[in-house]
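> Heads up: the sequence lines are chains A and B, in that order.
Its first residue numbered 1, the first sequence is counted upward by one per residue in our numbering.
Its first residue numbered 351, the second sequence is counted upward by one per residue in our numbering.
The beta-carbon is built from N, C-alpha and C at its ideal position, and this holds for glycine as well.
Number of protein chains: 2
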Amino acid sequence: MCVRDTVARVFPPHTPVGRIGEKALLRYIRSRVSHGRGVSIGIGDDAAAVETGPLTLMTTDSLVEGVHFRREWAPDTLLGRKALSVNLSDIDAMGGVPRYATVSLCLPADTPFAFVEGFYDGLLSRTAQTGVEIVGGNLSGTSGAIVVDITVLGHGQPLLRRSGALPGDVAMVTGRLGAAAMGVRLLGEGSRLATIAEDDQAARRCLVAQLDPTPPLGFGNAVAREELAHAAIDLSDGLSGDLLAVCQESGVSAWVDGDTMPIDPGAAMLARDRGIDARDLALHGGEDYQLLLAASVEAVPRLRDLAAGMEIALTVVGGFAEGEPALSLLTAQGAVPLVPRSHEHFGGGG
Amino acid sequence: MCVRDTVARVFPPHTPVGRIGEKALLRYIRSRVSHGRGVSIGIGDDAAAVETGPLTLMTTDSLVEGVHFRREWAPDTLLGRKALSVNLSDIDAMGGVPRYATVSLCLPADTPFAFVEGFYDGLLSRTAQTGVEIVGGNLSGTSGAIVVDITVLGHGQPLLRRSGALPGDVAMVTGRLGAAAMGVRLLGEGSRLATIAEDDQAARRCLVAQLDPTPPLGFGNAVAREELAHAAIDLSDGLSGDLLAVCQESGVSAWVDGDTMPIDPGAAMLARDRGIDARDLALHGGEDYQLLLAASVEAVPRLRDLAAGMEIALTVVGGFAEGEPALSLLTAQGAVPLVPRSHEHFGGGG
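1. Which residues in chain A sit within 8 Å of Tyr-470(B), going by Cβ to Cβ distance?
2. Measure the alpha-carbon distance for Ser-454(B) versus Cys-247(A) and round it to whole angstroms.
3. Hey, would you say Arg-512(B) sits closer than 8 Å to Ile-441(B), going by beta carbons?
4. What residues in its chain sit with their C-beta under 6 Å from that of Arg-431(B), if we drop five residues either side in the sequence?
5. Are three or more beta carbon pairs between the stretch 297 to 310 of chain A and the stretch 203 to 221 of chain A nearer than 8 Å?
6. Tell me which same chain residues have a C-beta within less than 6 Å of the C-beta of Cys-456(B), skipping the five on either side of it?
7. Which same chain residues, not among the five before or five after Gln-157(A), have their C-beta less than 7 Å away from its C-beta?
8. Determine, for Arg-691(B), whether the minimum Cβ-Cβ distance to residues of chain A falls below 8 Å.
9. Would you please verify whether the beta carbon of Asp-584(B) is less than 8 Å from any beta carbon of chain A?
10. Quick one, which residues of the stretch 471 to 499 of chain B are near chain A if we go by CB-CB under 8 Å, in chain order?
11. Taking DSSP as the reference, what is the three-state secondary structure of Ile-150(A)?
12. Report the three-state DSSP secondary structure of Glu-577(B) (helix, strand or coil).
13. Going along chain A, which residues have a C-beta under 7 Å from Glu-672(B)?
14. Could you name the residues of chain B that Val-67(A) contacts, counting a contact when the two beta carbons are closer than 9 Å?
15. Quick check on Asp-46(A) - is its C-beta less than 8 Å from some C-beta in chain B?
16. Going along the chain, which residues of its own chain have a beta-carbon closer than 6 Å to the beta-carbon of Ile-312(A), five neighbours each way excluded?
17. Can you check whether the CB of Asn-87(A) is closer than 8 Å to the CB of Val-39(A)?
18. Does the beta carbon of Glu-401(B) sit closer than 8 Å to a beta carbon anywhere in chain A?
19. Can you confirm whether the stretch 267 to 286 of chain A touches the stretch 222 to 229 of chain A when touching is taken to mean that 3 or more C-beta pairs between the two stretches lie within less than 8 Å?
20. Restricting to Cα atoms, I'd like to know which of Tyr-120(A), Val-256(A), Val-252(A) is closest to Ala-334(A).
21. Look at the Cβ atom of Met-532(B), then the Cβ atom of Val-667(B), and state whether they are nearer than 8 Å.
22. Asp-371(A) versus chain B: which residues are under 7 Å apart at the beta carbon?
23. Would you grab the beta carbon distance between Gly-451(B) and Leu-434(B) for me? Rounded to a whole angstrom, and I think it's under 8 Å.
24. Consult DSSP for Phe-11(A) and reduce its assignment to one of helix, strand or coil.
25. Over the uninterrupted beta strand (DSSP E) stretch that includes Asp-242(A), give me the two end residues.
26. Where does Thr-477(B) fall in DSSP's three states?
27. Determine the contact status of Arg-204(A) and Pro-262(A), defining contact as a CB-CB distance below 8 Å.
28. Under 8 Å Cβ to Cβ from His-505(B), same chain only, skipping five residues before and after it: list those, please.
29. From Gly-616(B) to Val-558(B), what does the alpha carbon distance come to, in whole angstroms?
30. Let me see if you follow: with CB-CB separation under 8 Å, is Phe-346(A) close to chain B or not?
31. List the residues of chain A that Ala-530(B) touches, going by C-beta distances under 8 Å, in chain order.
32. Output, in chain order, the set of chain A residues within a Cβ distance shorter than 9 Å of Thr-406(B).
33. For Cys-724(B), which residues does DSSP report across the bridge?
34. Please classify Pro-112(A): does DSSP put it in a helix, a strand, or coil?
35. Kindly indicate which three-state DSSP category Met-58(A) falls into: helix, strand or coil?
36. Residues of chain E with CB under 9 Å from Ile-379(B), in chain order?
Printed below as a string of structure tokens:
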């Protein structure tokens with residue numbers, strides 16, 4: 001019979017999860033997750049119970065096999081890291097601090113145990129870096145694609161909303177753009193992190209940006225605490241689409257300077273080799289998981305100091321103006337309308 | 351260009367979601383969800399922000415097409431209701447009150463708009479009944495099965511855990527058992543709610559129990575507030591599996607009286623017709639979404655009064671004893687070991 005506190009069996013890596021069974025796999029996961037600060041009840045009851053403040057942030061994001069990832073593209077550990085990172089990015093973009101997560105996995109019966117092991121290796125490496133606690137979740141079979149769905153709770157006050165941008169504000173972004181979009185292109189061409197040449201730093205940067213994004217965590221929270229920005233959003237759909245979302249929520253228009261965008265140098269070089277306009281990658285590529293801020297001109301010096309102190313690049317890429325929500329792109333030839341070409345997830349594969 | 355507060359277009363029912371696109375579908379969903387009490391920031395930002403107390407309950411449950419449901423079995427409205435109900439059941443089993451939910455939908459590109467419309471009709475009918483607020487979520491494409499993943503937050507203090515059952519406690523269950531399991535069997539045989547004979551009350555009860563479960567919401571919270579039970583769990587895997595889970599968490603054994611289980615009379619009748627032992631449905635069938643409690647004998651009269659006041663059936667089905675976590679079944683022939691035959695979700699289809 002089952003005994004309480006059974007030590008989890010570790011299964012041979014190729015064992016299909018359908019043979020291991022839901023309950024044994026839950027015991028394995030539970031054995032790997034230790035509960036720390038703020039967790040009154042963790043994995044193993046009908047619900048988790050966690051300590052919260054008067055205002056709780058809540059966000060959910062999914063990664064779907066064949067849409068957001070392919071298992072042959074990278075080790076499962078990186079998928080575990082990314083599944084959490086994309087949610088942490090949302091909490092930081094609200095100015096909050098992430099605290100707790102639930103993890104829902106839908107797995108075909110023939111998924112090898114190694115997937116679950118690798119996924120949790122990566123997930124737990126990311127929780128260790130960020131102090132987030134895994135407090136529960138769900139395991140289910142599926143006849144279709146692997147689906148990973150993570151919900152993260154956080155706290156923060158004051159918050160950064162999408163809706164506060166004012167005419168006259170500058171638009172700023174953290175980090176460099178376009179590398180993740182070039183990364184997915186390289187994966188499609190057959191490049192892999194494991195086999196890429198040691199000295200091919202450009203391709204390596206792009207693959208890492210796509211497979212293991214590292215949002216500037218903590219920066220959004222620092223900006224919110226000092227009330228240095230009027231609005232913020234994380235760059236998941238692409239600069240154009242996300243900037244337009246800020247415009248729509250704020251009731252303003254915006255312009256982007258095509259010459260000052262901080263395009264990732266590796267992505268720019270690889271784009272040149274392929275005859276692609278690197279600005280398109282930065283404007284429309286998506287999955288940068290950097291922060292886009294709307295702030296008054298007066299706040300820029302302090303924002304720059306704050307970013308420099310956290311070793312985060314911060315660049316003015318444009319500004320906001322009166323008008324219907326719409327974008328324009330400034331080029332040497334003048335201003336042209338900028339229409340987002342963001343990802344639409346129902347479009348299907350890769 | 352897009353205009354703020356665009357009124358959502360309603361699409362012809364057969365329009366594939368892949369043609370509507372993620373952003374337009376999000377606008378549609380957002381237009382249907384109004385935010386009430388406790389919601390500072392709802393759908394439309396990087397994360398929701400909700401008012402919480404010092405302790406927050408958090409639970410996640412998925413419904414996967416081909417594993418937990420089939421679209422031809424019932425209207426999409428019932429799926430929307432059930433996807434929320436199974437999570438509400440978890441919060442109530444902790445003694446809590448559900449407050450907020452995020453909804454993640456993974457949909458193949460050819461899913462008709464009518465699915466989303468029907469799903470939200472049902473979901474919102476359930477939120478209206480229970481006061482739960484939909485505050486966010488995610489939409490994604492998939493090449494595989496539809497996956498619905500809902501996370502619910504609640505509050506409550508004191509809580510009901512799985513781990514508090516004591517030797518000498520009685521085991522009690524709410525409602526009647528086995529109807530949902532018979533319902534899934536009827537669906538497999540081709541019965542449908544829409545076409546079942548008016549006077550076939552037994553089959554109707556079973557189909558409704560399977561397709562539109564109604565956990566005894568509020569009872570767990572009432573029991574917790576009066577501290578009337580030592581442990582609780584909601585019956586999702588089946589009485590045997592869930593009772594064993596309480597034993598494992600509490601470090602006790604338990605017995606079930608095979609003659610006093612409150613078997614649903616409709617399920618019992620239909621089981622008899624099919625030569626099935628109705629007790630097996632009640633013991634192992636699963637998806638009853640009733641409450642199993644461990645309570646002292648002294649608490650039973652007050653528990654009965656409380657249940658009667660809420661028009662909830664409450665039946666003593668067995669008890670807990672010292673010993674290794676294991677179950678036995680009392681029959682006219684004596685006590686025999688009872689081994690759960692619960693659902694294992696990696697087993698695959700329906």
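A quick look at the data gives this:
1. Under the 8 Å cutoff, chain A gives no residues; its nearest Cβ is about 16 Å from Tyr-470(B).
2. 25 Å
3. no
4. Within its own chain, the residues whose Cβ lies closer than 6 Å to the Cβ of Arg-431(B), once the five positions on either side in sequence are excluded, are Gly-472, Arg-476, Asp-562, listed in chain order.
5. yes
6. Excluding sequence neighbours, Cys-456(B) sits near Ser-490, Thr-492, Val-497.
7. Listed in chain order, the non-local C-beta contacts of Gln-157(A) below 7 Å within the same chain comprise Leu-55, local neighbours out to five positions each way being set aside.
8. Interface with chain A (8 Å Cβ-Cβ cutoff): Arg-691(B) is excluded.
9. yes
10. Val-485, Gly-486, Gly-487, Asn-488, Leu-489, Ser-490, Gly-491, Thr-492, Ser-493, Gly-494, Ala-495, Val-497, Asp-499
11. strand
12. coil
13. Simply none; closest approach about 14 Å.
14. Cys-456, Ser-490, Gly-491, Thr-492, Ser-493
15. yes
16. Answer for Ile-312(A): Thr-174, Pro-216, Phe-219, listed in chain order.
17. no
18. yes
19. The answer is no - the stretch 267 to 286 of chain A does not touch the stretch 222 to 229 of chain A, with fewer than three Cβ pairs under 8 Å.
20. It is Gly, not Ala, that sits at residue 334(A) in the sequence shown. Among Tyr-120(A), Val-256(A), Val-252(A), the Cα nearest to that of Gly-334(A) belongs to Val-256(A).
21. Contact annotation: Met-532(B) and Val-667(B) have beta-carbon atoms that are not nearer than 8 Å.
22. Residue coverage of chain A in this structure runs from 1 to 350, which leaves residue 371(A) outside it and unanswerable.
23. Going by the sequence as given, residue 451(B) is Ala instead of Gly. Under the criterion of beta carbons closer than 8 Å, Ala-451(B) and Leu-434(B) qualify as touching, at roughly 7 Å.
24. coil
25. That residue, Asp-242(A), is in no beta strand (DSSP E); its alpha helix (DSSP H) goes 239 to 250.
26. Reduced to three states, the DSSP call for Thr-477(B) is helix.
27. no
28. Thr-402, Gly-403, Leu-405, Thr-406, Leu-407, Gly-446, Val-447, Arg-449
29. 11 Å
30. yes
31. None at all; the shortest Cβ gap to chain A is about 17 Å.
32. Ala-48, Ala-49, Val-50, Glu-51, Thr-52, Thr-56, Tyr-100, Leu-153
33. No answer is possible for residue 724(B): the residues shown for chain B start at 351 and end at 700.
34. strand
35. strand
36. In summary, chain E is missing from the structure at hand, where the protein chains are A and B.
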